[in-house]
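Enquirer:
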Amino acid sequence: MWLSISATFWRNYLVMRRAFPWSFFLGHILSAIYIIIFAYLTYFFVFKGDLSSSFSAYAGTNDYLSYCILGGLLYSFSVSLLMITSRTLITELREGTLESLLLTPSTRKGYFLGYVAQGLIRIMMEFLVIIAIGSLFGLHLQQINWFHVLIVLAILILSTFSMALVLGSFMLFFRDTYITQNTLFVLMGLVCSITFPSDFLPEGVRWISHIMPLTYGVDALRMVWIEGVAINDLLTPLLKIVILGLIYLPIGSYLMKRMEKYVLEKHFG
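Residues in the sequence shown are numbered from 1249 upward in steps of one, following this note's numbering.
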């Protein structure tokens, strides 16, 4: 499996460096910057720096700017990871290499892990740049336990990877990336407590946030980052992220195998 991981890693690294070294990188950073600027302008020029008591109660903090900036940071992080994993096989299909890939004896796990490993390098660069920009707009940066932050990110990565497999199977079925992925991303931006707590949503919509790992990821990250909560006190949101990952993983693996067979029979049969 290591050979598959290594080969996929270096192939994607060369493609990113030579074909589109900056487009995805800048695109994901800009999406987070828009959230940061919107939060800054809204807080100072619309709300005049005044928060309602209900927002503070639901959010668990009075630091609105850090709340929104961390939401934008983790939204960009999750979107990047979802795109990296979910677009793998449909990209092979569009480039005409899917049949060759499926016929190779290399493991599919190594293939996906190679994609994720290479993509995480770019994602972490985006992560650091967004933190630097966020600090200019009021992001809280004092007394952060970075080890606990990494634990939250690691657990979220595993769960988001599982969710991406489900998304990727829908992309293969519909042979579409734009509408499929952006429908999910719009939902995530609306219901996952990115710029406001999901408690403000109607009950009929709020349930969607409960099936998104990002919802619990942003809650856990804010508790660690802003409030300095110890990792032992984060067991509830972290456990929910793990449970969602364990639910999505077998579903995504099964659907991916079905879609591989479907695509081969429909387009190469």
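For glycine and all other residues, C-beta sits at the position ideal for the given N, C-alpha and C.
When the Cα atoms are used, what is the spatial distance from I1456 to S1334?
Expert: Position 208 of the sequence shown, counting from 1, holds the residue named residue 1456. Position 86 of the sequence shown, counting from 1, holds the residue named residue 1334. Taking the straight line from one Cα to the other gives about 20 angstroms.
Enquirer: Please tell me whether I1408 and S1326 are closer than 8 angstroms, where the distance is taken between their beta carbons.
Expert: The residue given as residue 1408 occupies position 160 in the sequence shown. The residue given as residue 1326 occupies position 78 in the sequence shown. At residue 1408 the sequence reads Thr, which differs from the Ile that was named. In contact: T1408 and S1326 (Cβ atoms closer than 8 angstroms).
Enquirer: Should Y1282 be labelled buried (16 or more other beta-carbon atoms within 10 Å of its own) or exposed?
Expert: Numbered from its first residue, the sequence shown carries residue 1282 at position 34. Under this definition Y1282 is an exposed residue.
Enquirer: Considering Cα atoms alone, identify which of S1324, I1459, I1442 and L1330 is closest to L1361.
Expert: Counting from one through the sequence shown, the residue named residue 1361 turns up at place 113. The candidate whose alpha carbon is nearest that of L1361 is L1330.
Enquirer: Return helix, strand or coil for T1309, following the three-state DSSP convention.
Expert: For the purposes of this step, residue 1309 is taken as residue 61 along the sequence shown, with counting starting at 1. Coil at T1309, not helix or strand.
Enquirer: So, helix, strand or coil for A1478, using DSSP?
Expert: As a working note, residue 1478 is residue 230 in the sequence shown. Reduced to three states, the DSSP call for A1478 is coil.
Enquirer: If you drop the 5 nearest sequence neighbours on each side, which residues of the same chain put their C-beta closer than 6 angstroms to that of R1470?
Expert: Here residue 1470 refers to the residue found at position 222 of the sequence shown. The residues are L1318.
Enquirer: Can you look up K1296 in the DSSP assignment and give me helix, strand or coil?
Expert: The residue labelled residue 1296 in the question sits at position 48 within the sequence shown. Three-state result, K1296: coil.
Enquirer: Can the beta-carbon of E1347 be found closer than 8 angstroms to that of I1277?
Expert: Translated into positions along the sequence shown, residue 1347 becomes position 99. Translated into positions along the sequence shown, residue 1277 becomes position 29. Not a contact, by the Cβ cut-off of 8 angstroms.
Enquirer: At the level of alpha carbons, what is the spacing between V1397 and W1473?
Expert: As a working mapping, residue 1397 is identified with position 149 in the sequence shown. As a working mapping, residue 1473 is identified with position 225 in the sequence shown. Spanning the alpha carbons of V1397 and W1473 requires a straight line of approximately 7 angstroms.
Enquirer: Between which residues of its own chain and V1364 is the CB-CB distance below 7 angstroms, once the five residues before and five after are set aside?
Expert: On the sequence shown, residue 1364 is found 116 positions in, with the first residue counted as 1. Contacts found: I1332, T1333 and F1409.
Enquirer: Please go through the same chain and pick out, in chain order, the residues whose beta-carbon is closer than 8 angstroms to the beta-carbon of E1475, but skip the five residues on each side of it.
Expert: For this step, residue 1475 is matched to residue 227 along the sequence shown. If we look at E1475 and ignore the five residues flanking it on each side, its Cβ neighbours are G1308 and T1309.
Enquirer: Can you tell me whether P1461 is buried or exposed, with buried defined as 16 or more other CB within 10 angstroms of its CB?
Expert: Here residue 1461 refers to the residue found at position 213 of the sequence shown. P1461 comes out buried.
Enquirer: Leaving aside the five residues before and after M1504 along the sequence, list all residues of the same chain whose C-beta is less than 7 angstroms from its C-beta, in chain order.
Expert: As a position in the sequence shown, residue 1504 is number 256, starting the count at 1. These residues qualify, in order along the chain: L1413, G1416 and S1417.
Enquirer: What are the boundary residues of the alpha helix (DSSP H) that includes H1396?
Expert: Along the sequence shown, read from residue 1 onward, the residue named residue 1396 stands at position 148. Where H1396 is concerned, the enclosing alpha helix (DSSP H) stretches over W1394 to F1422.
Enquirer: Do you know offhand how far G1358's Cα is from M1249's?
Expert: Here residue 1358 corresponds to residue number 110 of the sequence shown, with the count starting at 1. Here residue 1249 corresponds to residue number 1 of the sequence shown, with the count starting at 1. Near 5 angstroms, if we compare the C-alpha coordinates of M1249 and G1358.
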